[in-house]
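**Student:** Sequence lines, in order, name chains V and F. For the first sequence, this note's numbering begins at 61 and goes up steadily by one. For the second sequence, this note's numbering begins at 61 and goes up steadily by one. Glycine included, every Cβ here is placed at the ideal spot set by N, Cα and C. As the structure is a prediction and not an experimental result, all values here were calculated from the model.
Number of protein chains: 2
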Amino acid sequence: MSDRQTQILEAAVRVIAQDGVRGLRIEKVATAAGVSTALIYYHFKDRRGVVLAALAHIDHRAACYTDRTCAGADARRQVEEVLLLELQETEEVRENSIAWGELRASAVFNTDLREPLRVSTRSWTDYIESLIRQAQKENSVPAGVDAADAAERLTALVEGLSERWLSGSITLDRARRLLSGAVAAELG
Amino acid sequence: MSDRQTQILEAAVRVIAQDGVRGLRIEKVATAAGVSTALIYYHFKDRRGVVLAALAHIDHRAACYTDRTCAGADARRQVEEVLLLELQETEEVRENSIAWGELRASAVFNTDLREPLRVSTRSWTDYIESLIRQAQKENSVPAGVDAADAAERLTALVEGLSERWLSGSITLDRARRLLSGAVAAELG
Numbered sequence: 061m062s063d064r065q066t067q068i069l070e071a072a073v074r075v076i077a078q079d080g081v082r083g084l085r086i087e088k089v090a091t092a093a094g095v096s097t098a099l100i101y102y103h104f105k106d107r108r109g110v111v112l113a114a115l116a117h118i119d120h121r122a123a124c125y126t127d128r129t130c131a132g133a134d135a136r137r138q139v140e141e142v143l144l145l146e147l148q149e150t151e152e153v154r155e156n157s158i159a160w161g162e163l164r165a166s167a168v169f170n171t172d173l174r175e176p177l178r179v180s181t182r183s184w185t186d187y188i189e190s191l192i193r194q195a196q197k198e199n200s201v202p203a204g205v206d207a208a209d210a211a212e213r214l215t216a217l218v219e220g221l222s223e224r225w226l227s228g229s230i231t232l233d234r235a236r237r238l239l240s241g242a243v244a245a246e247l248g
Numbered sequence: 061m062s063d064r065q066t067q068i069l070e071a072a073v074r075v076i077a078q079d080g081v082r083g084l085r086i087e088k089v090a091t092a093a094g095v096s097t098a099l100i101y102y103h104f105k106d107r108r109g110v111v112l113a114a115l116a117h118i119d120h121r122a123a124c125y126t127d128r129t130c131a132g133a134d135a136r137r138q139v140e141e142v143l144l145l146e147l148q149e150t151e152e153v154r155e156n157s158i159a160w161g162e163l164r165a166s167a168v169f170n171t172d173l174r175e176p177l178r179v180s181t182r183s184w185t186d187y188i189e190s191l192i193r194q195a196q197k198e199n200s201v202p203a204g205v206d207a208a209d210a211a212e213r214l215t216a217l218v219e220g221l222s223e224r225w226l227s228g229s230i231t232l233d234r235a236r237r238l239l240s241g242a243v244a245a246e247l248g
């Protein structure tokens, strides 16, 4: 991906986090990215192309902040740290979380988004599941824990807590403590 | 609340579940309810009044299907049954869940909705917390379980799983099994 494409997708995620995905206008993304609408159509074809590429970009950003933070920790700690990374008061994470929640909420109405979102969700839960299995090999998580179930529940809980945080029902600090408690309840 | 008001709110929830809350038009609610827009303005003042009353109506409907199902069961079973009621393939529950998720997602952008949503969320988690405390008195849940934390996590997980189900990332059956597993992990 070129720098220019990355710049457009950064702007698209920012616009989705500000206005929601349903109000997304290519003109607004162009203004936010400082490029012409023609360039956006050239790279991403249409509005749908921008939204799908923005979803992939959100995944990519999340993978980046995960890699930066967690290299070297043992697998049991990594599970908790990787999940807690989604609940942070930084502009990047807040933007990512809002945009992800918006794509999830939009997919309830827009069937077009469902398959790419399902694949992204699957890849996230598979990653957490692989960390749990690694922790089981390292004997820091009991062998009896169902890694697939625990991974799917923990990531779904992150989404639930994230939406409560972003919609003002709970504080970020409370969301993080609840998530740490869930890791303890799930992984022993 | 008069029958006519109930009829308008049933229609409002249905319209939110079909189109989302951000596209909600009073004209559409009027058509769905078979009443005039003037009557809706008379009872609910404006669009905001309709949305807030619809939120309260969603709570009321959820309380009704809860009461119908759970009377008589012991408290430990009630926790699981009440939570599973939110994950069901009936038109009423699907509509309620979609509308609730939409209000949650909209509150990320619309600060107006946050306080009523926070209060509704609080009242739901308080109810689950009271059931867990009751189960602790009945010795079906260990005294060491933090009832407030467990209640907040389980209800946030219901929201997370519900959105995954409604957006097509997991099946309803899988969502229900994951939720039952969470109750077991949280309550021992």
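1. Cα-Cα, which of F/Arg108, F/Val139, F/Asn199 and F/Ala77 is closest to F/Glu152?
2. Starting from F/Gly161, find everything on chain V with Cβ-Cβ shorter than 9 Å and list it in chain order.
3. Flag this pair as yes or no: are the beta carbons of F/Ile68 and F/Ala93 separated by less than 8 Å?
4. Would V/Leu145 and V/Leu115 qualify as a contact pair, given that the criterion is a beta-carbon distance under 8 Å?
5. Closest to V/Arg128 by C-alpha separation, out of V/Glu219, V/Arg213 and V/Val142, would be which residue?
6. Name the residues in the region 200-222 of chain V whose C-beta lies less than 7 Å from a C-beta of chain F; which are they?
7. Put V/Ser200 into one of helix, strand or coil per three-state DSSP.
8. Where F/Leu221 and V/Leu226 are concerned, what is the direct C-alpha to C-alpha distance, given to the nearest angstrom?
9. Any residues in the region 178-200 of chain V with a beta carbon nearer than 8 Å to a beta carbon of chain F? Which ones, in chain order?
10. Does any CB atom of chain F fall closer than 8 Å to the CB of V/Arg82?
11. For the region 226-243 of chain F, which residues have a beta carbon sitting closer than 7 Å to at least one beta carbon of chain V?
12. Just how far apart, CA to CA, sit V/Ala208 and V/Arg193?
13. Indicate whether the contact test is met: 3 or more Cβ pairs, each with one atom in the region 185-204 of chain F and one in the region 232-248 of chain V, closer than 8 Å.
14. Taking the alpha carbon of F/Leu239 as the reference point, which residue from F/Thr126, F/Gly109, F/Leu217 and F/Ile230 has its own alpha carbon closest?
15. Under 7 Å Cβ-Cβ, which residues of chain F neighbour V/Ala245?
16. Output needed for F/Tyr101: all residues of its chain with C-beta closer than 8 Å, excluding positions within five of it in sequence on either side, in chain order.
17. Report, in whole angstroms, the separation of the C-beta atoms of F/Val73 and F/Lys88, which I expect to be a contact under 8 Å.
18. Report, in whole angstroms, the separation of the C-beta atoms of F/Thr181 and V/Arg224, which I expect to be a contact under 8 Å.
19. DSSP on V/Asp63, reduced to helix/strand/coil?
20. Taking 8 Å as the cut-off, decide whether the C-beta atoms of V/Gly241 and F/Arg136 are in contact.
21. I want to see whether chain F comes within less than 8 Å of V/Ile86, judged by CB atoms only; does it?
22. Determine whether the beta carbon atoms of F/Val111 and F/Leu84 lie at a separation below 8 Å.
23. Run down chain F in chain order and give the residues with a C-beta less than 8 Å from the C-beta of V/Ile158.
24. When you compare the CB positions of V/Ala122 and V/Asn156, do they come within less than 8 Å of one another, or not?
25. For V/Arg174, go through chain F and note every residue whose CB falls closer than 8 Å to its CB, in chain order.
26. So, helix, strand or coil for F/Phe169, using DSSP?
27. Under DSSP, the alpha helix (DSSP H) around V/Ala98 begins and ends at which residues?
28. V/Ser166: buried (16+ other C-beta within 10 angstroms of its C-beta) or exposed?
29. Buried or exposed: where does F/Gly204 fall if 16 or more other Cβ atoms within 10 Å of its Cβ makes it buried?
30. Identify the continuous alpha helix (DSSP H) that holds V/Ser240 and give its terminal residues.
31. Less than 7 Å between C-beta atoms, sequence neighbours within five positions excluded: which residues of the same chain meet that for V/His117?
32. What did DSSP end up calling V/Arg224 once you bin it into helix, strand or coil?
33. Note down the Cα distance separating F/Ala80 from V/Phe169, rounded to an integer number of angstroms.
**Tutor:** According to the structure shown:
1. Position 92 of the second sequence, counted from the first residue, corresponds to residue 152 of chain F. Among F/Arg108, F/Val139, F/Asn199 and F/Ala77, the Cα nearest to that of F/Glu152 belongs to F/Ala77.
2. Within the second sequence, the letter at position 101 stands for residue 161 of chain F. What F/Gly161 touches in chain V: Arg164, Ala165, Val168 and Glu223.
3. As a working mapping, residue 68 of chain F is identified with position 8 in the second sequence. As a working mapping, residue 93 of chain F is identified with position 33 in the second sequence. Result yes, Cβ atoms of F/Ile68 and F/Ala93 sit closer than 8 Å.
4. The residue given as residue 145 of chain V occupies position 85 in the first sequence. The residue given as residue 115 of chain V occupies position 55 in the first sequence. No; because the gap between Cβ atoms is not below 8 Å, this pair is not in contact.
5. Numbered from its first residue, the first sequence carries residue 128 of chain V at position 68. Out of V/Glu219, V/Arg213 and V/Val142, V/Val142 has the C-alpha closest to the C-alpha of V/Arg128.
6. Asp209, Glu212, Arg213, Ala216, Leu217, Glu219, Gly220 and Leu221
7. The residue given as residue 200 of chain V occupies position 140 in the first sequence. The answer is coil: DSSP assigns V/Ser200 none of H, G, I, E or B.
8. The residue labelled residue 221 of chain F in the question sits at position 161 within the second sequence. The residue labelled residue 226 of chain V in the question sits at position 166 within the first sequence. Straight-line Cα distance between these residues: approximately 17 Å.
9. Arg178, Thr181 and Arg182
10. Counting from one through the first sequence, the residue named residue 82 of chain V turns up at place 22. Taking CB atoms only, V/Arg82 has a neighbour in chain F less than 8 Å away.
11. Leu226, Ser227, Gly228, Ser229, Leu238, Gly241 and Ala242
12. Along the first sequence, one-based indexing puts residue 208 of chain V at 148. Along the first sequence, one-based indexing puts residue 193 of chain V at 133. Each residue's alpha carbon lies about 9 Å from the other.
13. no
14. Your numbering for residue 239 of chain F matches position 179 in the second sequence. Comparing Cα-Cα distances from F/Leu239 to each of F/Thr126, F/Gly109, F/Leu217 and F/Ile230, the minimum goes to F/Leu217.
15. Within the first sequence, numbered from 1, the residue matching residue 245 of chain V stands at position 185. Simply Ala245 and Glu246.
16. The residue given as residue 101 of chain F occupies position 41 in the second sequence. Ile86, listed in sequence order.
17. In the second sequence, residue 73 of chain F corresponds to position 13, counting from 1. In the second sequence, residue 88 of chain F corresponds to position 28, counting from 1. With a Cβ gap of about 12 Å, F/Val73 and F/Lys88 do not count as contacting.
18. One-based indexing of the second sequence puts residue 181 of chain F at position 121. One-based indexing of the first sequence puts residue 224 of chain V at position 164. With a Cβ gap of about 7 Å, F/Thr181 and V/Arg224 count as contacting.
19. Residue mapping note: residue 63 of chain V aligns to position 3 of the first sequence, counting from 1. Three-state result, V/Asp63: helix.
20. Residue numbering aside, residue 241 of chain V sits at position 181 when the first sequence is read from its first letter. Residue numbering aside, residue 136 of chain F sits at position 76 when the second sequence is read from its first letter. It is not a contact, given that the beta carbons lie outside the stated cut-off.
21. Residue 86 of chain V sits at position 26 when you count from the first residue of the first sequence. Not an interface residue.
22. By 1-based counting over the second sequence, the position of residue 111 of chain F is 51. By 1-based counting over the second sequence, the position of residue 84 of chain F is 24. Their beta carbons are under 8 Å apart, which means F/Val111 touches F/Leu84 by this criterion.
23. As a first step, residue 158 of chain V must be located in the first sequence, where it is residue number 98. Chain F residues near V/Ile158: Val168.
24. Indexing the first sequence from 1 puts residue 122 of chain V at position 62. Indexing the first sequence from 1 puts residue 156 of chain V at position 96. Yes.
25. As a first step, residue 174 of chain V is located in the first sequence; it is residue number 114 there, counting from the start. Going along chain F in sequence order, the residues near V/Arg174 (Cβ under 8 Å) are Ser227, Gly228 and Ser229.
26. The count along the second sequence starts at 1 and reaches residue 169 of chain F at position 109. Coil, per DSSP.
27. As a working note, residue 98 of chain V is residue 38 in the first sequence. Unbroken alpha helix (DSSP H) run through V/Ala98: Thr97 to Phe104.
28. As a working note, residue 166 of chain V is residue 106 in the first sequence. Answer is buried; the Cβ neighbour count reaches 16.
29. The count along the second sequence starts at 1 and reaches residue 204 of chain F at position 144. Classification of F/Gly204: exposed, given that the 10 Å Cβ count is below 16.
30. In the first sequence, the residue the question calls residue 240 of chain V occupies position 180. Its alpha helix (DSSP H) spans residues Leu232 to Leu247.
31. By 1-based counting over the first sequence, the position of residue 117 of chain V is 57. Excluding residues up to 5 positions away in sequence, Leu69 and Val73 lie with their Cβ nearer than 7 Å to the Cβ of V/His117 in the same chain.
32. Looking up residue 224 of chain V in the first sequence gives position 164. Helix.
33. For the purposes of this step, residue 80 of chain F is identified with residue 20 of the second sequence, where counting begins at 1. For the purposes of this step, residue 169 of chain V is identified with residue 109 of the first sequence, where counting begins at 1. Rather than Ala, the amino acid found at residue 80 of chain F in this sequence is Gly. So the two alpha carbons sit approximately 8 Å from each other.
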